[in-house]
Amino acid sequence: MKWEERGVLKSKEALPPGSPWWNNVNLWFIFLSEFGAAALAAGLIKELPPGPSKLWAEFIQNQNPKTWYRAHNSSIIEGYIKFSGLAEKENLPEQVFINQVLYRLLFAQFMVEGDFWFPRLGMFLANPQGISVRMITHLDGFYPKHYPMTDEEVEEVMGKCHHLQGRLVKFLDRTFILPKIIRIYTTTFGLNGQLLTPLFLIKNNPCYPRGIPRS
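So the sequence shown is residues 25 to 239, counted in the numbering used here.
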């Protein structure tokens, strides 16, 4: 949860204000997880429709990296879809970062599900409670520390920086994730009960929020 230190969850009255998009996606995530837990506690899990809340109930019953990623990422995807209009109000670097957050999360799930060169290694590296995930998410090149981003953070997110961490992040994205982006999105969206994969890609490139139709 170190990413919250960026200030994205500050209120709109704060100076500088937080992000309406990050706030709403986070609150929706909390609602879905709490609803699933409440339904399970009330013995109503069978009445839950397929989706994030049911996946959270299933995770509580059978806690492991696979069930966690399915519950977590399905909730995140639903938040992305529900609040795409707010994402359009973010500046371009923030929109790019929002796409990076999603495809890195989905790649981690992709590794845990065993669809990786070395399944056991993938399970170890992407374990949400493991040291690898903690180390990666604390790299400045992966997560900006400020909202709005500083000029240096914008350079990092846009892949224009030349320090070691920035090069490492760019290498991981361009070598392991982006070449397999269609397979990663198709596999993980299916496992998460989401069928809107094409809306998140344009010509094989992450495009959120441009691809999401408005109601």
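Ideal Cβ positions, reconstructed from N, Cα and C, are used throughout, including at glycine.
Only a predicted model underlies this, so the values are computations on that prediction, with no experimental measurement involved.
Hey, could you find the ends of the alpha helix (DSSP H) residue i is sitting in?
{"i": "N131", "result": "The question names Asn, yet the displayed sequence has Phe at residue 131. It spans 116 to 136 - the alpha helix (DSSP H) in which F131 sits, taken as one unbroken run."}
{"i": "N47", "result": "44 to 65"}
{"i": "R94", "result": "89 to 106"}
{"i": "G146", "result": "143 to 150"}
{"i": "P76", "result": "76 to 85"}
With 16 as the cutoff for other CB atoms within 10 Å, does residue i come out buried or exposed?
{"i": "K78", "result": "buried"}
{"i": "M182", "result": "exposed"}
{"i": "G190", "result": "buried"}
{"i": "L116", "result": "exposed"}
{"i": "S156", "result": "exposed"}
{"i": "Q85", "result": "exposed"}
{"i": "P40", "result": "exposed"}
{"i": "N97", "result": "buried"}
{"i": "Q87", "result": "exposed"}
{"i": "L51", "result": "exposed"}
{"i": "G154", "result": "exposed"}
{"i": "E29", "result": "exposed"}
{"i": "T262", "result": "Since the first and last residues shown for the chain are 25 and 239, residue 262 lies out of range."}
{"i": "T199", "result": "exposed"}
{"i": "E37", "result": "exposed"}
{"i": "E180", "result": "buried"}
State yes or no: is the C-beta of residue i within less than 8 Å of the C-beta of residue j?
{"i": "A150", "j": "A132", "result": "yes"}
{"i": "S43", "j": "Y171", "result": "yes"}
{"i": "V193", "j": "F224", "result": "no"}
{"i": "P222", "j": "N123", "result": "no"}
{"i": "I69", "j": "N216", "result": "no"}
{"i": "G214", "j": "I226", "result": "no"}
{"i": "A81", "j": "A63", "result": "yes"}
{"i": "L33", "j": "N47", "result": "yes"}
{"i": "S99", "j": "F53", "result": "yes"}
{"i": "R144", "j": "I201", "result": "no"}
{"i": "P241", "j": "F121", "result": "Nothing can be reported for residue 241: it is not among the residues displayed for the chain, which extend from 25 to 239."}
{"i": "Y209", "j": "L130", "result": "yes"}
{"i": "L56", "j": "P76", "result": "yes"}
Alpha carbons only, please: which of the options is nearest the one belonging to residue i?
{"i": "I160", "options": "H187, L196, D175", "result": "L196"}
{"i": "W45", "options": "I105, W92, T91", "result": "I105"}
{"i": "A61", "options": "A95, P117, F107", "result": "A95"}
{"i": "P89", "options": "W52, L188, P152", "result": "P152"}
{"i": "W92", "options": "M147, E177, P41, E114", "result": "M147"}
{"i": "C205", "options": "C185, K184, G154, N228", "result": "Residue identity check: residue 205 is Ile in the sequence provided, not Cys. Measuring from the Cα of I205, the nearest candidate turns out to be N228."}
{"i": "L188", "options": "R158, E58, L163", "result": "L163"}
{"i": "E137", "options": "T211, P237, A38, P203", "result": "T211"}
{"i": "L220", "options": "G31, E58, G103", "result": "G103"}
I'd like to know whether the C-beta of residue i is nearer than 8 Å to at least one C-beta of chain B.
{"i": "K194", "result": "Of the protein chains in the structure, only one exists, and it is not chain B."}
### Query
Fully enclosed by the stretch 159 to 232, which alpha helix (DSSP H) runs are 4 residues long or longer?
Correct list: 175 to 181, 188 to 196, 205 to 215.
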